[in-house]
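Reading through the structure tokens given below for one structure.
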Amino acid sequence: MTRKEYYSAKEVAAICNVSIKSLHYYEEIRFIVPEIQIGESKSRYYSKKQMETVYMVRHLKLLGFSLKETKKILSEDRIDFLEKSMEKKLHGLWDEIKSLNRQYKEMEGCLHRLKNGHAVLEKQRNPENLPLPLEEEIVLEEVPEISLYFSRQVMEAYRNEEVSLERWVKMSDEVQKNGIQTQGPIIVTYYTEPLGQFMGHDCDIEFGIQAVGENENQIRTFGGFQAASIFHIGPYSEIVKSHMKILQWINQNHYRVAGPISEKFIISPIDIKNEREHVIKILVPVVLNH
């Protein structure tokens with residue numbers, strides 16, 4: 006044995022930048038077994054070709070290949086097999102990148118929504134903890150047009166006292182299944198007369214969320230109208246009070262309801278359990294009475 010032909014485990018670890026523990030593991034599973042073991046201590050020495058194999062294993066690991074995949078690549082030892090393996094791995098990596106990018110965009114949008122809700126909470130709070138005057142609570146605004154992915158159905162004997170978790174989960178699952186990128190809050194729209202959703206009647210209800218990009222199925226335009234709006238802060242079971250406030254303001258200021266009423270869930274029961282920090286924006290399309 007010459008020093009140029011064989012290398013100790015310590016030397017292999019240093020040259021290939023791998024741990025001694027990894028070398029011991031490869032030996033334990035009979036993957037890379039040192040060619041020479043000397044003396045009672047069984048000092049291990051690797052051939053140059055074995056050291057090259059150790060580096061190949063490290064290189065493939067850095068590219069994302071599992072040990073099982075690496076063993077297969079090394080056993081095949083063919084350029085065409087290596088090419089196919091890398092092509093397959095690249096496709097997998099691209100799918101992961103797209104998935105991570107989608108997660109990033111969704112979390113970024115969620116954080117933006119929560120920050121908006123937090124700002125509303127801070128604005129509504131005051132040292133005396135007194136409610137804002139009605140004229141300060143309610144504003145007129147132009148609701149911009151957005152593309153809305155939606156699901157609409159009639160719910161029997163509906164009473165708008167709590168969030169329909171079943172519909173919420175279904176909407177989220179459909180969005181994930183269809184690979185639709187979304188942003189912003191869930192928007193619930195009631196196709197009924199004002200306050201009809203609180204009467205225990207059958208109610209035509211739409212759940213929607215803004216869709217980003219080009220989509221065709223179950224997409225409609227939402228917005229493009231003037232609305233009176235109010236933020237409801239607190240338990241959802243009390244939202245009827247905010248609906249009554251805004252309808253009172255509309256009547257007093259010579260407007261009339263001009264379309265289905267919507268609720269935008271800025272901070273929802275799905276975000277946090279603390280009801281005191283739930284924020285829902287009520288949008289009522291309006292036009293002036295003539």
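Quick note: to get this note's numbering, add 5 to the position in the sequence shown (first position is 1). Just so it is clear, CB atoms sit at the ideal spot from N, CA and C, and this is done for glycine as well.
**Prompt:** What residue does the alpha helix (DSSP H) around Leu5 start on, and which one ends it?
**Reply:** Look at the range of the chain in this structure, 6 to 295, and you will see that residue 5 is not part of it.
**Asked** Can you tell which of Ile271, Ala232 and Gly201 has its C-alpha closest to the C-alpha of Glu161?
**Response** Here residue 161 refers to the residue found at position 156 of the sequence shown. Nearest in C-alpha terms to Glu161, of all of Ile271, Ala232 and Gly201, is Gly201.
**Asked** If you check the beta carbons only, do Val291 and Gly228 fall under 8 Å apart?
**Response** As a working note, residue 291 is residue 286 in the sequence shown. As a working note, residue 228 is residue 223 in the sequence shown. It is not a contact, given that the beta carbons lie outside the stated cut-off.
**Asked** How long is the line joining the alpha carbons of Ile271 and Ile238, rounded to whole angstroms?
**Response** Residue numbering aside, residue 271 sits at position 266 when the sequence shown is read from its first letter. Residue numbering aside, residue 238 sits at position 233 when the sequence shown is read from its first letter. Note on geometry: alpha-carbon atoms of Ile271 and Ile238 lie some 10 Å from one another.
**Message:** Just list the residues that DSSP pairs Tyr12 with in beta bridges.
**Reply:** As a position in the sequence shown, residue 12 is number 7, starting the count at 1. Under DSSP, Tyr12 takes part in a beta bridge, and its partners are Tyr51.
**Item:** Gln42 - partner residues in DSSP beta bridges
**Value:** As a position in the sequence shown, residue 42 is number 37, starting the count at 1. Answer is Arg49, bridged to Gln42.
**Delimiting residues of the alpha helix (DSSP H) encompassing Ile210** = Indexing the sequence shown from 1 puts residue 210 at position 205. From DSSP, Ile210 is part of no alpha helix (DSSP H) but of the beta strand (DSSP E) over Cys208 to Val217.
**Item:** Pairwise C-alpha distance: Glu146 and Gln231
**Value:** Here residue 231 is taken as the residue at index 226 of the sequence shown, counted from 1. Here residue 146 is taken as the residue at index 141 of the sequence shown, counted from 1. Cα-Cα distance, rounded: 6 Å.
**Request:** Tell whether a beta-carbon distance below 8 Å holds between Ile192 and Ile214.
**Result:** In the sequence shown, the residue the question calls residue 192 occupies position 187. In the sequence shown, the residue the question calls residue 214 occupies position 209. For Ile192 and Ile214, yes; Cβs fall inside 8 Å.
**Prompt:** What are the uninterrupted segments assigned as beta strand (DSSP E) that are 3 or more residues long and contained completely in the region 146 to 175, given in chain order?
**Reply:** 151 to 160
**Prompt:** Are Phe236 and Gln129 closer than 8 Å when you measure CB to CB?
**Reply:** Taking the sequence shown and counting its residues from 1, the one referred to as residue 236 is at position 231. Taking the sequence shown and counting its residues from 1, the one referred to as residue 129 is at position 124. Contact: yes.
**Message:** I'd like the list of long-range same chain contacts for Leu87, defined as Cβ closer than 7 Å, with 5 residues on each side in sequence excluded.
**Reply:** The residue given as residue 87 occupies position 82 in the sequence shown. Its chain contains Ile78 as the residues whose beta carbon lies nearer than 7 Å to that of Leu87, once the 5 sequence neighbours on both sides are disregarded; these appear in chain order.
**Item:** Cβ neighbour criterion (16 or more within 10 Å) applied to Thr226
**Value:** Position 221 of the sequence shown, counting from 1, holds the residue named residue 226. Exposed, because fewer than 16 other Cβ atoms sit within 10 Å of the Cβ of Thr226.
**Request:** Compare the Cα-Cα distances from Ile255 to each of Ser267, Arg172 and Leu293 and report the closest residue.
**Result:** Within the sequence shown, the letter at position 250 stands for residue 255. The shortest C-alpha separation from Ile255 is found at Leu293.
**Request:** Please name the residue, chosen from Tyr30, Met176, Pro39 and Tyr163, that lies closest to Met204 on a Cα-to-Cα basis.
**Result:** Counted from its first residue, the sequence shown places residue 204 at position 199. Checked all of Tyr30, Met176, Pro39 and Tyr163; the closest Cα to Met204 is Tyr163.
**Message:** So, at 6 Å on beta carbons, what are the nonlocal neighbours of Ile151 in its own chain, with the 5 sequence-adjacent residues on each side left out?
**Reply:** Taking the first residue of the sequence shown as position 1, residue 151 is located at position 146. The residues are Gln215, Phe227 and Gly228.
**Asked** For Ile210, which residues of its own chain have a beta-carbon under 8 Å away from its beta-carbon, when the five flanking residues on both sides are left out?
**Response** Translated into the one-based positions of the sequence shown, residue 210 becomes position 205. Taking C-beta separations shorter than 8 Å and ignoring five residues to either side along the sequence, the partners of Ile210 in its chain run Arg157, Gln158, Val159, Met160, Tyr163, Ser169, Arg172, Val193, Thr194, Tyr195, Tyr196 and Gln202, following chain order.
**Asked** Is Ile251 closer than 8 Å to Glu268 when the C-beta atoms are compared?
**Response** Locating residue 268 in the sequence shown gives position 263, where the first residue counts as 1. Locating residue 251 in the sequence shown gives position 246, where the first residue counts as 1. No. Outside cutoff.
**Request:** Drop a sphere of 10 angstroms on the beta-carbon of Val38, count the other beta-carbons inside from all chains shown, and report buried for 16 or more, exposed for fewer.
**Result:** Working through the sequence shown from its first residue, we reach residue 38 at position 33. Counting Cβ neighbours within 10 Å, Val38 comes out exposed, since fewer than 16 surround it.
**Asked** I think Gln186 touches Arg107, with their Cβ atoms under 8 Å apart; what is that distance to the nearest whole Å?
**Response** Along the sequence shown, one-based indexing puts residue 186 at 181. Along the sequence shown, one-based indexing puts residue 107 at 102. Correct: roughly 6 Å between the Cβ atoms.
**Message:** Pull the bridge partners of Ile266 from the DSSP assignment, please.
**Reply:** Taking the first residue of the sequence shown as position 1, residue 266 is located at position 261. Beta-bridge analysis with DSSP links Ile266 to Tyr195.
**Item:** Three-state secondary structure (DSSP) of His283
**Value:** The residue you call residue 283 lines up with position 278 of the sequence shown. In the structure shown, the three-state DSSP call for His283 is coil.
**Request:** Determine the DSSP secondary structure at Ser273, reduced to helix, strand or coil.
**Result:** Here residue 273 is taken as the residue at index 268 of the sequence shown, counted from 1. DSSP places Ser273 outside both helix and strand once states are collapsed to three, so it counts as coil.
**Prompt:** To the nearest whole angstrom, what separates the beta carbons of Arg118 and Gly189, a pair I think is in contact under 8 Å?
**Reply:** Within the sequence shown, the letter at position 113 stands for residue 118. Within the sequence shown, the letter at position 184 stands for residue 189. About 6 Å; that satisfies the 8 Å criterion.
**Request:** Compare the beta carbon distance of Tyr50 and Ile41 with 8 Å and say whether it is the shorter of the two.
**Result:** As a first step, residue 50 is located in the sequence shown; it is residue number 45 there, counting from the start. As a first step, residue 41 is located in the sequence shown; it is residue number 36 there, counting from the start. Yes. Within cutoff.
**Asked** What are the boundary residues of the alpha helix (DSSP H) that Ile244 is part of?
**Response** The sequence position of residue 244 within the sequence shown is 239, counting from 1. Run containing Ile244: Ile244 to Gln257, per the alpha helix (DSSP H) assignment.
**Prompt:** Whose C-beta lies closer than 8 Å to the C-beta of Thr58 among residues of the same chain, with five residues either side of it excluded?
**Reply:** The sequence position of residue 58 within the sequence shown is 53, counting from 1. Same-chain partners within the cutoff: Ile37 and Leu79.
**Prompt:** So what's Phe236 in DSSP terms, helix, strand or just coil?
**Reply:** Translated into positions along the sequence shown, residue 236 becomes position 231. Residue state, collapsed to three classes: strand.
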